[in-house]
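Enquirer: Take a look at the following structure, please.
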Amino acid sequence: MKHIFKKGKSLNGPTLLLLHGTGGTENDLLGLAEIIDPDANILSVRGNVLENGMPRFFKRLAEGVFDEEDLILRTKELYEFIDESAEEYGFDRNYVVAVGYSNGANIAGSLLFHYQDALNAAILHHPMVPRRGIELPDLAGVKVFLTAGHNDPICPEQESIDLERILTENGAMAEIHWENNGHQLTRSEVEAASEWYQQNI
Ligand code: MLT
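Counting from 1, one number per residue, gives the positions in the sequence shown under full-length UniProt numbering.
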């Protein structure tokens, strides 16, 4: 997968897995990583799917309606890519913290829904429930910070509420930070994520 890897202070420290929103690239969230943890290793990945020229992490049938078959396949592809990257660059595979926005948050959520040991923690900006009606792995010890907008037209607030509940029911420690700025990724929610990170990671 097209990506950027940057070694931080220590390969044994956390690695931020950066996952952009629809139409983004692996460059988009680098500034955000700088705010969250300037010392972390960075693995920033570009989604392999193109929708009218816009990179995404999996196909969708319509806005908010995911192509489940593709979601499953792409989740596996990303999971394996993290494994391979840990081998290649030498970072700690068990200390990967996803930071995703919108479509990137949704594939990060999907990693949690499908693989027990995919992520140590995740910051999900404006996520949705990636799949419903499936059994999740045991997520004990996994920490998740969600940010959501009460008035987000793309990710309705119920999606974040359901996602927090499903993650918690399966053992994760999840919490939501709410804003009122639609689907925008705001400076204040990044700062809230950064504060959460300092306390939890
Ligand atoms: C998705 O397709 O993952 C969500 O609708 C968010 C987005 O617009 O990317």
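Ideal Cβ placement from N, Cα and C applies to all residues, glycine included. Just so we're clear, the structure is a prediction, and the values are computed from it rather than from any experiment.
Let me know the beta strand (DSSP E) ranges lying completely inside the UniProt domain "Dienelactone hydrolase" (91 to 189), each 3 residues or longer, listed in chain order.
Expert: Runs of the beta strand (DSSP E) lying entirely within the UniProt domain "Dienelactone hydrolase" (91 to 189), each at least 3 residues long, are 96 to 101, 121 to 125, 143 to 149 and 173 to 179 in chain order.
Enquirer: Quick one: give me the first and last residue of the alpha helix (DSSP H) that Glu69 is part of.
Expert: Glu68 to Tyr89
Enquirer: Starting from Ile36, follow the alpha helix (DSSP H) in both directions and report where the run begins and ends.
Expert: Leu30 to Ile36
Enquirer: Under 8 Å, with one C-beta from each stretch per pair, do the segment 28 to 36 and the segment 54 to 66 reach the 3-pair mark?
Expert: no
Enquirer: Within a Cβ cutoff of 6 Å, which residues of the same chain sit near Ile123, ignoring the five residues on either side of it in sequence?
Expert: Val99, Phe145 and Ala193
Enquirer: Considering Lys6, what are the terminal residues of the beta strand (DSSP E) in which it resides?
Expert: His3 to Lys6
Enquirer: Under three-state DSSP, which class holds Ser44?
Expert: strand
Enquirer: Do Asn94 and Lys143 come within 7 Å of each other at the CB atom, strictly closer than that value?
Expert: no
Enquirer: Who does Ala62 pair with in a DSSP beta bridge?
Expert: Val65
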